[in-house]
Amino acid sequence: MRLKSIELSGFKSFAKKTELQFASAITSIVGPNGSGKSNVAESFRFVLGEQSMKSMRGRRGEDMIWNGSPSVTRAGRASVKLVFDNSDRALNLDFDEVSIERVVNRDGSNEYVLNGSTVRLRDINELLAQANIGSSSHHIISQGEADRILSSTPRERREMLEDALGLTAYLYKREEAGKKLEKTAENMREVEGLRRELAPHLKFLQSQVRKIEESQKLRDDLAQKYLEYLKRESIYVRVREEMLRAERQTPEHEHRDLQNRIVTLRASLEAKKDDVGASKLVHLEEDARRASTRRDALGRELGRIEGELLAAERLSHVVKETVPASQAREFAQKVEEELEEAMRTEVDMRQRVAALIVLAKDFLRRITEGDQSEPGHSKDELLARKVQLEDELTKVAEEESRITEEIATLRRALEGEKDASREAERELFSAMSRRSELEGILARLRAQAEILEREQSALKQELGEAGAFIGRLVYDYETFEVKSASGAPLSDAEIAGEPRTQQEDRRKKIERLKIRLEESGLGNSHEILKEHQETLERDEFLARELTDLETSREHLLALIDDLTKTLATRFSEGIEKINIEFNNFFMLMFGGGTAALTLVEAKPSRRDGRPTNLQNEDLFREDDEESQEEGVEISISLPHKRVKGLHMLSGGERALTSIALIFAMSQVNPPPFLILDETDAALDEANSRRYGDMIATLAKRSQLIVITHNRETMSRAGILYGITMGSDGVSKLLSVRFEDALAVAK
Ligand code: ATP
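Everything in the sequence shown is counted per our numbering, starting at 483 for the first residue and increasing by one.
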């Protein structure tokens, strides 16, 4: 990488666009005091991103802008553009030429432009750090600042050395890693906070889920019990229904038949009550009585007629034979009495006896009448009458006997009928008693059917309830196989035949399970499970995030550790190398003596003793206070002098020591360019020569831009620029020959 040019527009005294080309290894800028040479050196600081206005002799950004003069108006902005040849790609950009431009406006705003594109200062810094152009500007030594490295603190010194050793890139990386680490830690705290926030809710949900799982177990248990119960119950009601139906069939038939039979029997008995036979008998008996009375009357008539006839005959005949009337009467009376007695007892005999009575009475009447003679009718008339009467009597007798016969027949029929009725009544009674017996049986069966009906509706209800508890699983009961304790499947008959108390026990167990389930009282378990899952996933996500963060934290720590170690190693190696060069340059400058840099590690307490890692215990420690701070100390020892402290050096000696150190640093890790603004101001002639030799050496590895009044220094430059300032206060650039330059040289 090579510095090609720098262009100043409106920067400080460079009111007009001014370009300096750096075609030589050493470019010398010469000119009278106050012409604007240092402004050129500062333009380098400016364009490279210097933030300290003080280091550019200003208080604010505006001070960098051409402020105007009576003849030239002030500028609105100042810009400086630096152009590098990047053919070697020392700058990590795929361009042969890289231009870096910084613009400052009057409002103090800054703009950085890299190859025409606006970029951040940080981008410029990082880019330059790769090329060993660090922000500590160790490669730009301003006027009067040659001994800055001597007067700075160990820590500042360390920073300059780190920069000079090209460790800035590592520092950037470490800083970046540190920031990332901080961010990571912040993220971790945030994630941990979120997890902590989530934890009680998750814990609560986990306990809910445990409960849900427990109640799920209960539900499974319930489902198994329910399935067996329902299967058994359904079989029981079905078998029981079939049994009752079968049991009912026979008694129902019998009952129905009996019912019909009873109706029939009742009807026939009812019909018999309406007794035609009896009334007929009454009529017949009436007829018989009438016939008997008629026959009696006819008999008596006939007897009277016959008596009359007899009397008529007696009148003509003597009555030969007679029976004392008293005896006959007595006889007849007895016969009559006995027969009447007989009449009272024997129904059947009555007719005959009646006839006997008639005869007896007739006899009695005749013998009574025979005693009297009653003149009247003629014999013929009597005979005719007698025949007539006898005829009539025969007829009446026949009539009577017919009636008697009829009565006897009717009576017999009536007797037969009575027997039949009694039989029917008996049958009716037995039918009725059987019927009530059957009704008892049927009532019992009905009661059982009612119980069964209740059991059936209870089963239906239980199915509904089971559905509410175990869901669609309830339908599985149909295919559930009921097994015995030994595992053998049970037949329907065996199932239905089991004592009901066992099924009742099962139901009680189910009820208890249901109560336990209800007591577990988890509302919407689906929602809870979902929320738990989501919360768990969120927690797991956070845990993973945390692990990732932890991993990246570890990586960052490792990276920082690595960088720190690399830095430490490179730094101490670098310091060692610098020390060698430092000592060489020092000896060269002073013609002897020693100079060394010492690493000082931070010490927690002054009482802990001396700083460690001192390379040379004989060397004077610069400052007791500072020695406690981590950084780099400078120890020197002048030849032939007992001076061992930096503060005891003369101005020239300080300048020589600084130059020795700056050159040592540049030698070890050469910067692309080095700007030395009157670094040689304090040197006498002999040292000026040595200084000239040294810059010639340095120029082999770095481009040098030296602002000088020293002719020796000028003589080493390939290009000489003269800066002048006219009455307009504007710095002007001109190429000058060495001879012309000498005019302004001391
Ligand atoms: P010396 O040899 O004495 O060190 P020099 O050549 O280094 O001098 P500079 O210090 O670079 O001179 O220039 C200082 C000059 O620049 C002063 O005259 C000052 O007025 C001028 N100057 C500084 N800032 C501005 C500005 N913003 N606008 C105009 N002129 C400025």
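Every residue, glycine too, gets a C-beta built ideally from N, C-alpha and C.
First and last residue of the uninterrupted alpha helix (DSSP H) at residue i
i: N587; result: First-last for N587: E579 to N587, but that is the beta strand (DSSP E), not the alpha helix (DSSP H).
i: E532; result: Taken as a continuous stretch (DSSP letters only), E532 belongs to no alpha helix (DSSP H), as it is neither H nor E.
i: D1044; result: S1007 to F1072
i: R602; result: Careful: R602 lies outside any alpha helix (DSSP H) and carries neither H nor E.
i: Q1149; result: G1133 to V1150
i: L573; result: Note, L573: premise wrong, no alpha helix (DSSP H); not H, not E.
i: Q985; result: R982 to S1002
i: R639; result: P636 to A646
i: I977; result: D974 to G979
i: L502; result: Taken as a continuous stretch (DSSP letters only), L502 belongs to no alpha helix (DSSP H), being part of the beta strand (DSSP E) at T500 to Q503.
Alpha carbon of residue i to alpha carbon of residue j, nearest angstrom
i: E882; j: E899; result: 25 Å
i: R772; j: S750; result: 35 Å
i: E696; j: L709; result: 20 Å
i: V1188; j: G598; result: 29 Å
i: F951; j: R714; result: 19 Å
i: E993; j: E980; result: 20 Å
i: Y1173; j: M1069; result: 13 Å
i: G466; j: S517; result: Lying outside 483 to 1228, the shown extent of the chain, residue 466 is not represented and no answer is given.
i: D1100; j: S1132; result: In this prediction, D1100 has a pLDDT of 36, which is less than 50 and means its spatial position is unreliable; nothing more can be read from the coordinates.
i: R678; j: L687; result: 15 Å
i: A1078; j: P1154; result: 25 Å
i: R571; j: I1157; result: 22 Å
i: V1114; j: L632; result: 11 Å
i: E593; j: E608; result: 16 Å
i: F526; j: D1030; result: 45 Å
i: D1159; j: A646; result: 18 Å
i: V565; j: K519; result: 19 Å
i: K498; j: R1183; result: 33 Å
i: N549; j: G1200; result: 33 Å
i: V745; j: H737; result: 12 Å
Cutoff 7 Å; reference residue i; Cβ partners in own chain excluding five residues on either side
i: G540; result: M546
i: G648; result: N614 and N1151
i: A978; result: I717, Y718, V721 and R722
i: E1221; result: none
i: D1162; result: S1170, Y1173, T1190, N1192 and T1195
i: L1096; result: Model confidence at L1096 stands at a pLDDT of 40, short of 50, so the residue's coordinates are unreliable and nothing is read from them.
i: D901; result: none
i: L747; result: A906, E909, L910 and A913
i: A523; result: I622, S624, I1157, D1159 and I1189
Closer than 7 Å: residue i CB and nearest the ligand ATP heavy atom
i: G543; result: no
i: I631; result: no
i: I1201; result: no
i: I488; result: no
i: G1211; result: yes
i: S495; result: yes
i: G1056; result: no
i: I1116; result: no
i: S520; result: yes
i: S581; result: no
i: N549; result: yes
i: I1187; result: no
i: G1075; result: no
i: S525; result: no
i: N614; result: no
i: S491; result: no
i: I1205; result: yes
i: S517; result: yes
i: G590; result: no
i: G1208; result: no
i: G513; result: yes
Residues near residue i by beta carbon distance below 6 Å, same chain, minus five either side
i: T500; result: L490 and L1215
i: K699; result: none
i: Q503; result: S487
i: S855; result: For S855, the predicted structure reports a pLDDT of 49, less than 50, and the residue's modelled location is therefore unreliable. The matter cannot be settled from this model.
i: F813; result: none
Sequence-distant residues of its chain with Cβ nearer than 8 Å to residue i (five each side left out)
i: G558; result: G492, I547, N587 and R588
Unbroken beta strand (DSSP E) run spanning residue i, endpoints
i: G1113; result: G1113 to S1119
i: S1213; result: S1213 to S1217
CB contact below 8 Å: residue i versus chain C
i: I1205; result: Here there is only one protein chain, and chain C is not present.
| Ordered list of alpha helix (DSSP H) runs contained in the region 928-952, each at least 4 residues | none
| request: Ignoring anything shorter than 3 residues or poking outside the region 643-694, list the beta strand (DSSP E) runs there in chain order. | output: none
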